[in-house]
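First residue of the sequence shown? That's 69 in the numbering used here, and the numbers climb one at a time after it.
The beta carbon of each residue, even a glycine, is placed where N, CA and C say it ideally should be.
Here the structure is laid out as structure tokens; the discussion comes afterwards.
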Amino acid sequence: MRPETAFAGRLLMDGELVSGAVEVTDGRITDIVKTSDAEDVLDFGDALVLPGGVDMHVHFRDPGYTHKEDFLTGSSAAVFGGTTTVVDMPNTIPFIADRTTFVEKAGAMADSWVDFGLASALAAGRDPVAMADLAVCYKLFMASTTGVEGGDYEESLHRAVGVAKPIVVHAEDPGQFRASPGVDLEDHSRARPFIAEVEGIRRIYSLASHQIPAPSVHPAQGENHPNFWIHIAHLTSAEGADVVRGLRPAGFTAEVTPHHLFLDSSMELGTLGKVNPPLRTVNDRSALWRALGDGTIDAVASDHAPHLPEEKDTDFADAPAGIPGVETLYPLMLHSVKRDMLPLNRVVDAVATRPAEILGIPKGKVEVGYDADLAIFDSSNVTEIKGEDLHSRCGWTPFDGMEAIFPVATVVCGRMHQRDGALFGDPEGKMLIQPQHSRTMNGG
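Set out below in structure tokens:
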């Protein structure tokens, strides 16, 4: 039977770019061929046909904070940036930490242009095992951030390490924070210093490694799980990267954000650069790039956390922390290839393949059997980022004026949803409930 659709262009196969076509039927990749006889062949010439981005860390603010963003606006920004799957964090209203709040949130959210998973928080008095068949991962807030106070999490962590799901950790030890808030970016970094990150990572490792339950078959997972999986969110410092490098054999993965790669505390960003954990130094940025390049850091995730301009337009100490970035993640990282900062295969791995592997979802690769999620880029089409041209409800970006490569088309499960800057079709993104294939830990 002839495939329904094919997307032709240059494909990244075994680290090399080759001309070919991705054939798709019923939303899945059915074959990869030199020339396709599909019923509908969309030929993008010399453009790169890459796997769609998997952003495993977004805050789409829906429900509860939809004046800042909702799933419709956040997911449209994702599509325009070539991201086709997102994982939304639980610090919404309601705060997601049990089945009741999960179902309430899922029922209240706006439609989505991309596929998505929801994280469930590890919180005192809540049983993470009860969420094993719903949440795609757990989120542990060691320190306070928008909409949540860091608190007692040890009991829920103990139960969660026995479930085969990633535990995404905001690793900052609040005991290392300065009492007075920062008054500018450099002072904010001193108020929440890098040692808070280092001690947070060490503490979560110590707790998890001492709380691993005896191997057993969990009824919700149906598999032996003698190990645990800790995923450190938004690394910021050279020292934090060194700690993760030393702990990787014990079941750690890690992510970095574009804002911690491209921005630093010396820049004149004011409150637009205020984020938790903070921006660090130029030297920290360089160390994070090296750690991403050598594989110490597995993934790049946006930590998309929008606030309206008027909310940011206040004294630094009072301004909310958070930076929008889901739309600029893939375009900035692809432009880093053009600048010879990373090879293309490493960028694709960090933006698409590894996040999908960590989450255990059939995405992030242009391979037979995977979801037909594609981001198609003309690498010669370098543009300047302008906040007013982006699609998040907040309408600004700290990356204004930087160069990036935005996709000419974005495909979600075989459906073209964006081409040449216009949306197509309907927002039919589906919720990812249970992992559909086994995870790969530490690249092996």
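- Look at the beta carbons and you see the stretch 466-479 touching the stretch 327-341: at least three pairs across the two are nearer than 8 angstroms.
- Just so you know, the alpha carbons of Arg70 and Ile97 end up roughly 13 angstroms apart.
- Counting along the chain, Lys207 sits inside the beta strand (DSSP E) bounded by residues Cys205 to Phe209.
- About 16 angstroms separates the Cβ atoms of Val229 and Ala192, ruling out a contact at the 8 angstroms cut-off.
- For His238, the enclosing beta strand (DSSP E) has its first and last residue at Ile235 to His238.
- The shortest CA-to-CA distance from Leu376 to any of Asp488, Gly437, Thr134 and Gly493 is the one to Thr134.
- The DSSP assignment places complete alpha helix (DSSP H) segments of no fewer than 4 residues inside the stretch 313-347 at 326-330, in order along the chain.
- Val155 is positioned such that its CB atom lies closer than 8 angstroms to that of Met124.
- Residue pairing of Gln244 in beta bridges, as defined by DSSP: absent, with no partner found.
- Using a Cβ-Cβ distance cut-off of 8 angstroms, the stretch 335-355 and the stretch 298-309 are in contact, since at least three pairs of beta carbons, one from each stretch, lie closer than that value.
- Out of Val126, Thr141, Pro196 and Ala106, the CA that lies nearest to the CA of Leu491 is found in Thr141.
- Where Leu397 is concerned, there is no enclosing beta strand (DSSP E), although the alpha helix (DSSP H) around it starts and stops at Leu397 to Lys406.
- Taking the Cα positions, Lys431 is about 16 angstroms away from Leu79.
- In this model, Phe474 and Leu225 are separated by some 39 angstroms (Cα to Cα).
- Val419 places its beta carbon less than 8 angstroms from that of Val368.
- With a 10 Å radius around the Cβ and a threshold of 16 neighbouring Cβ atoms, Gly437 comes out exposed.
- Contact between Thr152 and Ala359 is absent: CB atoms are separated by about 26 angstroms, not below the 8 angstroms threshold.
- The alpha carbon of Pro119 has as its nearest neighbour, out of Tyr273, Val416 and Tyr206, the alpha carbon of Val416.
- Under the DSSP assignment, Glu84 falls in the beta strand (DSSP E) whose first and last residues are Glu84 to Thr93.
- For Thr364, there is no enclosing beta strand (DSSP E), as DSSP marks it with neither H nor E.
- Contact check for Ile300 and Ala239: beta-carbon distance about 5 angstroms, within the 8 angstroms limit, so the pair qualifies.
- For Phe245, the closest of Arg227, Ala440 and Val266 by C-alpha to C-alpha distance is Val266.
- A direct Cα-to-Cα measurement between Arg258 and Arg353 gives close to 16 angstroms.
- The continuous alpha helix (DSSP H) containing Ile426 extends over residues Arg422 to Leu427.
- Setting aside the 5 residues that flank it on each side, Leu85 is surrounded in the same chain by Arg78, Leu79, Leu116 and Leu412, each with a C-beta closer than 8 angstroms to its C-beta; the list follows chain order.
- Apart from sequence neighbours up to five positions away, the residues of its chain that approach Asp195 with a beta-carbon distance below 8 angstroms are Asp166, Ser224 and Arg227, ordered along the chain.
- Of the residues assessed, Asn159 falls on the buried side of the cut-off, its CB having 16 or more other CB atoms within 10 angstroms.
- Nearest to Val231 by alpha-carbon distance, out of Pro326, Glu254, Glu395 and Ala200, is Ala200.
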